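For the sequence shown, the positions run 1 to 107 when UniProt numbering is used.
Built from N, CA and C at the ideal position, the CB exists for glycine as well.
Predicted model, so just to flag it, every value in this text is computed and none were measured.
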Amino acid sequence: MIEEKVGFCTLCKSRCGTINVVENDWLKKAVPNPDHPTGKAVCLKGRSAPEIVHNSRRLRRRSGARRRRVIPDPQWVQVSWDEALDEIADRLKGHGARGGPSQSPSR
């Protein structure tokens, strides 16, 4: 099923108004929304949104050992959105448990 969803592009500061063409949960196209104050055009970044959103290499996490500033073989692995969000949430909870945002980290 093809849908048109009104929105705006977040890939630069202009926040151009867009009409997003979505087919089976895939963003197919972002076109200018003439009813939006900045919707006369969409920049190259905005027009590239489908390629950026659905890039198969987009979500990766380093799995190999990590040394300070020198990474001999980073060994990147693909992760799902759920895995990435869970990992980020766990890290944020850890920071909060160690003193919250007002405390500087121990080194």
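Query	Result
Start-to-end residues for the beta strand (DSSP E) that takes in residue 21	17 to 23
Pick from 19, 4 and 45 that is closest to residue 13, judged by C-alpha positions	45
Residues that DSSP places opposite residue 44 in a beta bridge	For residue 44, which the question treats as bridged, DSSP gives no partner whatsoever.
Presumed contact (8 Å Cβ cut-off) between residue 30 and residue 18, rounded CB distance	5 Å
For residue 27, the three-state DSSP class (helix, strand or coil)	strand
Three-state secondary structure (DSSP) of residue 60	strand
Contact set for residue 23: own chain, Cβ-Cβ below 6 Å, skip 5 residues either direction	2
Endpoints, the beta strand (DSSP E) within which residue 170 is located	There is no way to answer for residue 170, as the model of the chain reaches only from 1 to 107.
Supposed close pair residue 40, residue 50 - CB separation, criterion 8 Å	Not really, about 21 Å apart at Cβ, beyond 8 Å.
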